[in-house]
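Numbering (the UniProt record's numbering), first residue to last: 1 to 170.
Every residue, glycine too, gets a C-beta built ideally from N, C-alpha and C.
Source: prediction; values computed, not measured.
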Amino acid sequence: MMQFIKLHSPSSMVALLDFEKAFDRVDHSYLLTVLRHYGFPQVFVDMVRVLYSDRRSKILVNGHLSKSVRLHRGVLQGDPLSPLLFVIALEPMCQLLRQNPGYGIKTGDTVHTGSYFADDSQLYAADEECLHRQLALVQSFCDKSGFRLNVDKTQILTFAPLSPDWHPWR
1 MMQFIKLHSP SSMVALLDFE KAFDRVDHSY LLTVLRHYGF PQVFVDMVRV LYSDRRSKIL
61 VNGHLSKSVR LHRGVLQGDP LSPLLFVIAL EPMCQLLRQN PGYGIKTGDT VHTGSYFADD
121 SQLYAADEEC LHRQLALVQS FCDKSGFRLN VDKTQILTFA PLSPDWHPWR
């Protein structure tokens, strides 16, 4: 995709998104809502609910262990189901972006708005304004889902000069 942009669409832009503590930020109630929304069988939704209900942790501070605290977020580290649950939790954002094909880059008959692999996401925008609209959608998704975009680690790639007053987070 990068090569295509460079050769055929130099005014296009790419955002390399970084979600802050991506796997740790998956909200359990949000995840269950998404599973139901996408029609996962109730037995599967119940299995995930049981897996994540009443998860607890203790915190070690200056050699002292805290009382047990309930965890409302995060998928289990090392569990083979966790990357899949993360991708499912991110799907509403991907769907929002796909439903707005005017934001993406056209190659033949196909419009590409982004590519997603686990917690690595790339947005493809036709121009500066499209990227602003995409980032606004991503921020709206984050506000509703509990995800958080790490603005300091998110990168914007461009193949043409930017407007002097352009800023991705205006």
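Residue i (DSSP reduced to helix, strand or coil)
| i | result |
| --- | --- |
| residue 119 | coil |
| residue 72 | coil |
| residue 151 | coil |
| residue 79 | coil |
| residue 40 | coil |
| residue 21 | coil |
Nearest-angstrom Cα separation, counted from residue j out to residue i
| i | j | result |
| --- | --- | --- |
| residue 129 | residue 76 | 38 angstroms |
| residue 87 | residue 32 | 13 angstroms |
| residue 83 | residue 111 | 26 angstroms |
Outcome for residue i when other beta-carbon atoms lying within 10 angstroms are tallied against a minimum of 16
| i | result |
| --- | --- |
| residue 85 | buried |
| residue 28 | buried |
| residue 125 | buried |
| residue 113 | buried |
| residue 108 | exposed |
| residue 147 | buried |
| residue 118 | exposed |
| residue 136 | exposed |
| residue 155 | exposed |
| residue 149 | buried |
| residue 23 | buried |
| residue 61 | exposed |
Those residues which DSSP pairs with residue i across a bridge
| i | result |
| --- | --- |
| residue 106 | 111 |
| residue 124 | 14 |
| residue 158 | 13 |
| residue 56 | 70 |
| residue 65 | 60 |
Start-to-end residues for the beta strand (DSSP E) that takes in residue i
| i | result |
| --- | --- |
| residue 14 | 13 to 18 |
Within-8 angstroms CB hit, residue i to chain B
| i | result |
| --- | --- |
| residue 122 | Looking at the structure shown, chain B is missing, and only one protein chain is on hand. |
Where the alpha helix (DSSP H) containing residue i begins and where it ends
| i | result |
| --- | --- |
| residue 32 | 28 to 37 |
| residue 88 | 82 to 98 |
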